[in-house]
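Numbering (full-length UniProt numbering), first residue to last: 1 to 153.
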């Protein structure tokens, strides 16, 4: 009988903690890009490639994330915020125009490599965002664009 009381109290504590962490806010990744400075404009991205990037890359690699319904629930929101922060540190398409030529070359080569190896988008992202999966055709479109980019040469 005593064990049941301990288990009951532990359950109440766990539920209280889970409810309490819901009130800890997470900063949202939402901003605007100055007109004419977006990756699509500065790198003359065709509409089909821009659409793929928007769906498969920009949530983690830009200054604007489309947040799904579950993004307000902790600890999931913390997990997402961490992924977005790391993604933007690695590559931020909204800041690409500010990178040095050397850094642009390195990023384009890395993009090509990660698409070829099926490392991006992350598997964890694809599990929750089925439309972000890159079909063979979409991969080809992206690879053709990035390989033809002035920074890939």
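Note that CB positions come from ideal geometry on N, CA and C, so glycine has one too.
| field | Cutoff 7 Å; reference residue 159; Cβ partners in own chain excluding five residues on either side | value | Since the displayed the chain opens at 1 and closes at 153, residue 159 lies outside it and no answer follows.
| said: Please give the ranges of any alpha helix (DSSP H) in the UniProt domain "Haem-binding" (15-150), keeping only runs that are unbroken, at least 4 residues long and fully inside the region. | reply: Those alpha helix (DSSP H) runs which fall completely within the UniProt domain "Haem-binding" (15-150) and span 4+ residues are 39-42, 47-56, 58-61, 76-90, 101-116, 123-128, 136-148.
| request: Report the rounded CA-to-CA distance for residue 44 versus residue 22, giving the unit in angstroms. | output: Rounded to the nearest angstrom, the two C-alpha atoms are 42 Å apart.
| request: Would you decide whether residue 207 is buried or exposed? Buried here means 16 or more other CB atoms lie within 10 Å of its CB. | output: Nothing in the structure corresponds to residue 207, since the chain is present only between 1 and 153.
| said: Let's test the definition: count the other Cβ atoms within 10 Å of the Cβ of residue 6 and tell me whether it reaches 16, buried, or not, exposed. | reply: Looking at its Cβ environment, which holds fewer than 16 other Cβ atoms inside 10 Å, residue 6 is exposed.
| What is the C-beta distance between residue 115 and residue 142, in whole angstroms, given that I count them as a contact (C-beta under 8 Å)? | Right, their Cβ atoms sit about 6 Å apart.
| task | State yes or no: is the C-beta of residue 111 within less than 7 Å of the C-beta of residue 146? | result | For residue 111 and residue 146, yes; Cβs fall inside 7 Å.
| task | Please go through the same chain and pick out, in chain order, the residues whose beta-carbon is closer than 6 Å to the beta-carbon of residue 133, but skip the five residues on each side of it. | result | Within the same chain, residue 133 has close Cβ partners 126.
| task | Out of 148, 105, 18, 135, point me to the one whose CA is closest to residue 72's CA. | result | Nearest C-alpha to residue 72: 18.
| query | Mind checking residue 62: buried by the 16 CB within 10 Å criterion, or exposed? | reply | Its Cβ being crowded by 16 or more others within 10 Å, residue 62 is buried.
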